[in-house]
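Structure first, then comments.
Chains as they are written, first to last, in the working numbering: chain A, 1 to 410; chain B, 1001 to 1300; chain C, 2001 to 2075.
Shown next, in the form of structure tokens:
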């Protein structure tokens, strides 16, 4: 529960909120049931999507703000949450990967692990993505879940992302030949076993955490005083308070981060780590093909893991499709329960332009990095790939650049 | 002018002689040996030999219909290479079923059978194992299959060859290349059990039987590790290092399995015919049997 | 003083709040009207550092009013 909203007066009776939530859950269950008839895995991923969307919405989780606010306001509230989520996911991923590939020296990388080639493409991708997400005010997953909350500009950002991915698809073969194909694929367990890979990853996570704290203190961090809420002592008051804490108030970023980390382990157990961009690229390439601007064969895109571009083919109903749609629906449900849903249009016209331009940068960056803040970062570091860290550093640098640009846009 | 013509004729004769020479050198004549793995050049040179029979074991009949090697007959790995009456799905055909298949395809006991597919020799290896199960002497796999054949710009045809039934007589099973569940149970912890499935199936995360997991002590070598991205087998030295790292050495008996014994046959082919290990068995029941039998131990 | 940042998303609600706070008279109270839930987390966090404290109340469905006032001495 947020410490500062103790005096909030909520005008919706809780019963009505739960009613909305119940209705959303029933509709979701029906969708899951219908989907399951066509594809059981697609139904499972629809449910995962709902959970991801709900957690993102409830904890107001935003990867863009995690990086941006470090530079813009000097606080790392969300970044600390992300680091917590990464720690949880790293432990879980390691267990899963060790079960699948007991001997990492055999020459196999754990299936579906987001381990991508290193190189200039990854750094450039991180920079472009970092700038883009700050200008647009949200990354790919942020845009998806905010669509569910009613943000019209996020829809524009998604269109920009698809345009960026389309552009990326048309230049993919160049990047593949120039940098990606020859890039070193560095999976830490292969170098020194799972133990060493875990030690290195946790040391880096702790180091990053300490760096954030040091930075916050340097910037004059002070925690807000908690404002005591209306004390409740009866059974009813306590339940009411607990429900409000979960359904109405925003969750602390640390709770959100850890919940997302746990969900990521579950979704990997079911098939693969969390990622959204591969599916969005499928939409982009599909639309390109419809309008006759087919990018043709994407060389090697099928060989690299993570969220690389997905070309044509495959059935429309895929589990990544239901995962993405589930995220939008889960955020919608969360927003409805909290009474936060509302169609929001920016009053300033230039915000649409920002969303579009930021989206294009993100889409192109995600092509080069073979993933977004999820696929190339939140799922890559727990996959024990060196690419996650390289992308994170480039993303931070890009966010810093983005902040410089943002300060000049009123 | 005349001199030129004569010169060309001489050249032509030399070429014809050379081509005839290569084709005569390898499989012609009844018991001539055939290497177990042949490349497209070898197949092109021997395509026309009367005792060389090409068998397309591609993933679907559509692939065969769309285009196949000259003279190739189609074998459906799901329908022709299984025993439909067996309680366990995907078991090798019985001797009678196998004999009937070979007769229908017009293959004679003395023929050299060249197998190929469109899936990195996955089904070709299964067919190879079945032919060896009934002791067919001359069998080979076309390395890289139809994919490599096409990459080398070699021709395909849509003509289905006319086949007249043969009088094939299947030999009794060679039990030295098969393992049963009971055989395995008695030797758990002795030899090496090699799991050719995906790491997800091996870990019990992708469950395709009543139970998920692996045979206790099994080592995972996903069959896809046997091939390069273009679908050819990796060089022998590389394969030897891969299997040695996983503890599969030639002095030990190795039992391979997967879900229905198809992917396992690929590892079996590598171990027995590319690396030359003497004692390699395919557990034909595989996880289809093991995972569905509650009396057998498993590991997750 | 009142500041309406409805329609704006992060980081603009906070950037504009900080801008106005810098010119806010000593004993005045700033009321920020927003429809962006993350601002309910980020604004209190940041203005605390500047020596303010705030209370939040829901103004309408999906709209909130953040009252920002100077923290007491020592606070």
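Note that beta-carbon positions come from the ideal geometry of N, C-alpha and C, so glycine has one too.
Asked, Found
"Status (buried if at least 16 other CB within 10 Å, exposed otherwise) for residue 1157 (chain B)", "exposed"
"Assigned secondary structure, residue 187 (chain A) (DSSP; H/G/I helix, E/B strand, else coil)", "strand"
"9 Å Cβ cutoff, residue 65 (chain A) in contact with chain C", "yes"
"DSSP state of residue 176 (chain A) mapped onto helix, strand, coil", "helix"
"Whole-angstrom C-beta distance between residue 156 (chain A) and residue 335 (chain A), which should lie under 8 Å", "Rounded, the Cβ-Cβ distance is 19 Å, inconsistent with contact."
"Nearest residue (CA-CA) to residue 960 (chain B), options B:1288, B:1042, B:1080 and B:1092", "Within the shown structure, residues of chain B are numbered from 1001 to 1300, placing residue 960 (chain B) beyond reach of any answer."
"Supposed close pair residue 1128 (chain B), residue 1141 (chain B) - CB separation, criterion 8 Å", "6 Å"
"Contact list for residue 1216 (chain B) against chain A, beta-carbon separation under 7 Å", "In chain order: nothing, as chain A lies at least about 14 Å away."
"Selected residue, minimal CA-CA separation from residue 2049 (chain C), among C:2013, C:2071 and C:2005", "C:2071"
"Contact set between residue 62 (chain A) and chain C, taken where Cβ atoms lie within less than 9 Å", "2010 and 2038"
"Any C-beta of chain A under 9 Å from that of residue 1198 (chain B)", "yes"
"Test: residue 110 (chain A) CB closer than 9 Å to a CB of chain B", "yes"
"Boundaries (first-last residue) of the alpha helix (DSSP H) holding residue 2002 (chain C)", "Residue 2002 (chain C) -> not in any alpha helix (DSSP H); beta strand (DSSP E) instead, spanning 2002-2004."
"DSSP three-state assignment for residue 1073 (chain B), whether helix, strand or coil", "strand"
"Spatial distance of residue 347 (chain A) from residue 36 (chain A) (CA atoms)", "42 Å"
"Through-space distance from residue 269 (chain A) to residue 1207 (chain B), alpha-carbon basis", "12 Å"
"DSSP state of residue 1037 (chain B) mapped onto helix, strand, coil", "strand"
"Cut-off 8 Å between Cβ atoms - residues of its own chain near residue 1240 (chain B), not counting five sequence neighbours on either side", "1275"
"Buried versus exposed call for residue 125 (chain A) [16 or more other C-beta atoms within 10 Å across all chains shown]", "buried"
"Cβ neighbour criterion (16 or more within 10 Å) applied to residue 26 (chain A)", "exposed"
"Residue range of the unbroken alpha helix (DSSP H) whose run includes residue 1240 (chain B)", "1236-1245"
"Neighbour-count burial assignment, residue 373 (chain A), 16 or more Cβ in a 10 Å radius", "buried"
"CB of residue 149 (chain A) within 9 Å of CB of residue 342 (chain A), strictly", "yes"
"Counted within 10 angstroms of its Cβ, other Cβ atoms place residue 97 (chain A) as buried (16 or more) or exposed", "buried"
"Residue-chain proximity (residue 294 (chain A), chain B), Cβ-Cβ < 9 Å", "no"
"Any chain B beta carbon closer than 9 Å to residue 323 (chain A)", "no"
"C-alpha distance - residue 137 (chain A) paired with residue 200 (chain A), whole-angstrom precision", "32 Å"
"Euclidean distance between Cα positions of residue 1149 (chain B) and residue 94 (chain A)", "41 Å"
"Under 8 Å by beta carbon: chain C residues contacting residue 346 (chain A)", "2007, 2008 and 2009"
"Residue 1054 (chain B) (DSSP reduced to helix, strand or coil)", "strand"
"Neighbour flag for residue 2014 (chain C) against chain A, beta carbons, 9 Å", "yes"
"Any C-beta of chain D under 9 Å from that of residue 341 (chain A)", "Among the chains of the structure shown, chain D does not appear; the protein chains present are A, B and C."
"Closer than 9 Å to chain A by CB, residue 1229 (chain B)", "yes"
"Simplified DSSP assignment, three categories, for residue 1162 (chain B)", "coil"
"Length-filtered (4 minimum) alpha helix (DSSP H) runs lying within the region 1073-1134 of chain B", "1095-1105 and 1122-1133"
"Residues near residue 1026 (chain B) in its chain [Cβ-Cβ closer than 6 Å; skip 5 each side]", "Confidence is the limiting factor: at residue 1026 (chain B) the pLDDT is only 43, short of 50, which leaves the residue's position unreliable, though a coordinate-based value still follows. Within the same chain, residue 1026 (chain B) has close Cβ partners 1046."
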